[in-house]
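Have a look at the structure below, then the notes.
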Amino acid sequence: MAGRWGFLTTPRVSRPRRPVPERLTDWREVYDGRPLLPVVSAQAGRCMDCGIPFCHSACPLGNLIPEWNLLVEADDWAAASERLHATNNFPEFTGRLCPAPCEDGCVVAIDADPVTIKDVEVAIADQAWREDRVRPVRPGRSTGRSVAVVGSGPAGLAAAQQLVRAGHAVDVYERDDRAGGLLRYGIPDFKMDKSHLDRRLGQLTAEGVRFHTDAEVGVRPAADEVAAGHDAVVVAIGATAWRELPVPGRELAGVHQAMEYLPQANRVSRGEWSSPPVTARGKHVVIVGGGDTAADCLGTALRQRAASVVQLDIRPHPGHHRSPDEPWPTYPHVYRASPAHEEGRALARERGTRGDAGTGGLPLPATDEDVRVFSASTVRFEGDASGHVRALRLADSEPASRLPVPGTERTIPAQLVLLALGFTGPPPDAELLGQLGLRLDARGTIARDPGFGTARPAVFVAGDAGRGQSLIVWAIAEGRSAAAAVDRYLMGTTDLPAPVTATDRPIAV
Ligand SMILES: Cc1cc2nc3c(=O)[nH]c(=O)nc-3n(C[C@H](O)[C@H](O)[C@H](O)COP(=O)(O)OP(=O)(O)OC[C@H]3O[C@@H](n4cnc5c(N)ncnc54)[C@H](O)[C@@H]3O)c2cc1C
Ligand code: SF4
Numbered sequence: 063m064a065g066r067w068g069f070l071t072t073p074r075v076s077r078p079r080r081p082v083p084e085r086l087t088d089w090r091e092v093y094d095g096r097p098l099l100p101v102v103s104a105q106a107g108r109c110m111d112c113g114i115p116f117c118h119s120a121c122p123l124g125n126l127i128p129e130w131n132l133l134v135e136a137d138d139w140a141a142a143s144e145r146l147h148a149t150n151n152f153p154e155f156t157g158r159l160c161p162a163p164c165e166d167g168c169v170v171a172i173d174a175d176p177v178t179i180k181d182v183e184v185a186i187a188d189q190a191w192r193e194d195r196v197r198p199v200r201p202g203r204s205t206g207r208s209v210a211v212v213g214s215g216p217a218g219l220a221a222a223q224q225l226v227r228a229g230h231a232v233d234v235y236e237r238d239d240r241a242g243g244l245l246r247y248g249i250p251d252f253k254m255d256k257s258h259l260d261r262r263l264g265q266l267t268a269e270g271v272r273f274h275t276d277a278e279v280g281v282r283p284a285a286d287e288v289a290a291g292h293d294a295v296v297v298a299i300g301a302t303a304w305r306e307l308p309v310p311g312r313e314l315a316g317v318h319q320a321m322e323y324l325p326q327a328n329r330v331s332r333g334e335w336s337s338p339p340v341t342a343r344g345k346h347v348v349i350v351g352g353g354d355t356a357a358d359c360l361g362t363a364l365r366q367r368a369a370s371v372v373q374l375d376i377r378p379h380p381g382h383h384r385s386p387d388e389p390w391p392t393y394p395h396v397y398r399a400s401p402a403h404e405e406g407r408a409l410a411r412e413r414g415t416r417g418d419a420g421t422g423g424l425p426l427p428a429t430d431e432d433v434r435v436f437s438a439s440t441v442r443f444e445g446d447a448s449g450h451v452r453a454l455r456l457a458d459s460e461p462a463s464r465l466p467v468p469g470t471e472r473t474i475p476a477q478l479v480l481l482a483l484g485f486t487g488p489p490p491d492a493e494l495l496g497q498l499g500l501r502l503d504a505r506g507t508i509a510r511d512p513g514f515g516t517a518r519p520a521v522f523v524a525g526d527a528g529r530g531q532s533l534i535v536w537a538i539a540e541g542r543s544a545a546a547a548v549d550r551y552l553m554g555t556t557d558l559p560a561p562v563t564a565t566d567r568p569i570a571v
């Protein structure tokens with residue numbers, strides 16, 4: 063049995079991060095690179111091995127968390143890796159990037175700090191790579207069937223790996239010059255170094271997956287051609303249609319969408335470009351939005367040496383504790399500070415000693431301790447004589463309607479504005495949709511049935527393209543489930559696991 067009393071005797075200790083001043087000088091992962099093993103073994107021993115592990119159901123992959131906690135506590139890293147990989151194709155991705163809804167569902171979290179599940183997960187995955195245990199898994203037979211996977215984000219990669227291991231021939235088509243989806247050009251290196259992605263792509267290639275990059279299905283090659291050349295198609299093209307902020311001044315130079323900005327910084331940090339066309343260097347930066355994308359813009363702008371950064375979130379401050387209407391084990395809306403916010407805190411402190419130099423006389427706004435302004439509604443952008451943004455007019459937002467509260471308007475300096483307002487679904491004009499006869503539903507995502515199928519036989523949809531903007535753990539779970547649906551369609555039966563249906567939702571109220 064797992065160390066059932068560890069939670070009473072051992073305090074929670076999270077994975078250590080490098081000091082903020084050090085990490086702001088480079089693009090390397092924020093985490094201290096030292097192996098975590100002794101610390102993690104003790105942390106795994108905090109698992110109470112409860113009778114009904116709610117962490118299982120809070121994790122979309124159904125990760126067998128108490129089982130690997132028990133194995134880690136016993137220092138059996140090989141068996142822990144086997145149990146972890148039984149449900150998760152890419153645990154080093156989720157162990158770095160997942161917001162860990164499992165920890166909010168941990169039974170220990172009812173009245174104490176939850177087990178550091180995510181840290182245990184990443185330690186098992188990294189140790190498995192370190193000990194050369196992660197090898198290509200080659201299928202024992204070939205089915206003679208072939209599948210095209212369109213899109214190489216976590217959903218497409220998970221689907222491809224499951225299908226190739228089931229004995230199908232798999233071609234992955236990716237419109238970008240390199241595979242990986244948002245893991246490659248959205249998420250910055252300081253959250254996950256791309257070597258983890260490249261290592262997995264190497265594993266998939268060795269397992270027999272064929273990657274075709276610079277291949278936008280619907281343009282070149284045509285979608286019908288791809289469909290005709292395969293027995294089934296998995297569409298995993300993500301949700302890249304971004305939300306707009308249609309306020310006066312949106313057209314000014316210096317107002318950009320986050321996904322126009324982040325991929326450039328990613329290419330620079332990987333040495334592909336020498337400098338980004340859009341940079342925060344020396345500028346007063348305002349980020350509009352409150353999610354992961356906004357936090358990634360914050361960490362990037364700080365590393366580019368912005369003069370100041372402010373993040374505007376239209377939602378009210380969520381508070382530090384669960385509200386009674388979001389009871390355990392749901393994933394609650396509470397104040398969460400990412401490593402980028404921790405870095406923002408350092409900038410805010412520095413600003414206190416530096417004053418408001420270079421703001422053109424406009425005061426920097428009062429922010430919380432890590433550069434966020436909550437309940438902030440953008441009214442308009444103001445430009446200079448050359449048509450470049452110089453300021454942002456904001457107001458308090460009314461909690462229910464989110465409309466500006468009259469009489470609360472003020473102007474703050476803004477020489478670079480980054481819009482991180484989320485994504486609605488795939489671009490409605492994507493050629494592939496019309497060519498495959500797919501349609502978008504009322505939510506803006508590709509219409510599909512609970513089993514990932516579409517109106518066109520043999521065409522399936524996985525990941526953000528069908529679910530809408532979500533998380534890597536959901537994308538992997540969808541890729542696995544869509545692969546099971548494809549395998550059943552092709553073979554009449556399947557042994558592949560299907561952790562979620564297309565209509566499953568997170569445990570929330
Ligand atoms: C900036 C940012 C940061 C994020 N941070 C986190 C995080 O920290 N943790 C987390 O859990 N989630 C995070 N997310 C969300 C997460 O990245 C997504 O939910 C996840 O990547 C979705 O996976 P996917 O495979 O469905 O789509 P994507 O990763 O978007 O991949 C889709 C791929 O399809 C390709 N494609 C599109 N059209 C075509 C076509 N016609 N032909 C060929 N290829 C095509 C695209 O180029 C892309 O490579 C973040 C999202 C963003 C934007
Ligand atoms: S994938 Fe996410 S939810 Fe699942 S165990 Fe890992 S951190 Fe928790």
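Here the sequence shown stands for residues 63 to 571, numbered as in my numbering.
Every residue gets a Cβ at the ideal spot worked out from N, C-alpha and C, and that includes glycine.
Only a predicted model underlies this, so the values are computations on that prediction, with no experimental measurement involved.
A straight-line Cα-Cα distance of about 8 Å links A140 and R195. For G157, the shortest C-beta to heavy atom distance toward ligand 2 is below 8 Å. With a cut-off of 8 Å, the C-beta of E135 is classified as distant from ligand 2, since no heavy atom of the ligand falls inside that distance. The closest heavy atom of ligand 2 lies 8 Å or more from the beta carbon of P216. DSSP, reduced to helix, strand and coil, places W304 within a strand of the structure shown.
With a threshold of 8 Å, the Cβ atom of E165 does not count as near ligand 1, since no heavy atom of the ligand is closer than that. Within 10 angstroms of the beta-carbon of L70 lie fewer than 16 other beta-carbons, which makes it exposed. E444 carries a strand assignment under DSSP once its states are collapsed to helix, strand and coil.
Secondary-structure assignment with DSSP links S459 through a beta bridge to P466.
For D358, the enclosing alpha helix (DSSP H) has its first and last residue at D354 to R365.
Taking C-beta atoms under 8 Å as the contact rule, A545 and G515 fail to qualify, at a distance of about 13 Å.
Taking 9 Å as the cut-off, the beta carbon of P389 is found closer than this to the beta carbon of V571. For A190, the enclosing alpha helix (DSSP H) stretches over residues I179 to R192. Rounded to the nearest angstrom, the gap between the Cα atoms of I474 and R455 is 6 Å. I299 carries a coil assignment under DSSP once its states are collapsed to helix, strand and coil. C-alpha of A410 to C-alpha of E269: approximately 48 Å in a straight line. As the crow flies, the alpha-carbon of P100 is around 41 Å from that of G528. For A290, the closest of W89, S208, M110 and P427 by C-alpha to C-alpha distance is S208. Assignment of alpha helix (DSSP H) within the segment 321-405, counting only whole runs of 4 or more residues, yields 354-365 in chain order.
Closest in C-alpha terms to H403, from the list T555, A560, P490 and V433, comes V433. For the pair P568 and T440, the Cα-to-Cα distance works out to about 30 Å. Using a Cβ distance threshold of 9 Å, G344 and A369 count as a contacting pair. For the set P161, C160, I127 and D138, the Cα lying nearest the Cα of L146 is the one of I127. Annotated three-state conformation of R452 is strand, per DSSP. Each residue's CA atom was taken as its position, placing P425 and V396 some 29 Å apart. Counting C-beta pairs closer than 8 Å gives fewer than three between the segment 357-372 and the segment 494-501, which falls short of the contact rule.
L498 counts as buried, since at least 16 other C-beta atoms from the protein chains shown sit within 10 angstroms of its C-beta. Look at I508: its beta carbon is at least 8 Å from all of the heavy atoms in ligand 1.
Ranked by Cα distance from V184, the first of E193, G206, L159 and D175 is L159.
Taking C-alpha positions only, G316 is separated from D458 by approximately 24 Å. R305 and G361 have their C-alpha atoms spaced approximately 21 Å apart. Non-local beta-carbon contacts of R501 in its own chain, meaning distances under 8 Å to residues more than five positions away in sequence, involve L495, I508, A509 and A517 in chain order. Going by DSSP, L480 is part of the beta strand (DSSP E) stretching over L478 to L481.
Judged by their CB atoms, S103 and V134 are nearer to each other than the 9 Å cut-off. H318: member of the beta strand (DSSP E) spanning V317 to Q319, first to last residue. Closest in C-alpha terms to P561, from the list W536, V435, H379 and Q373, comes W536.
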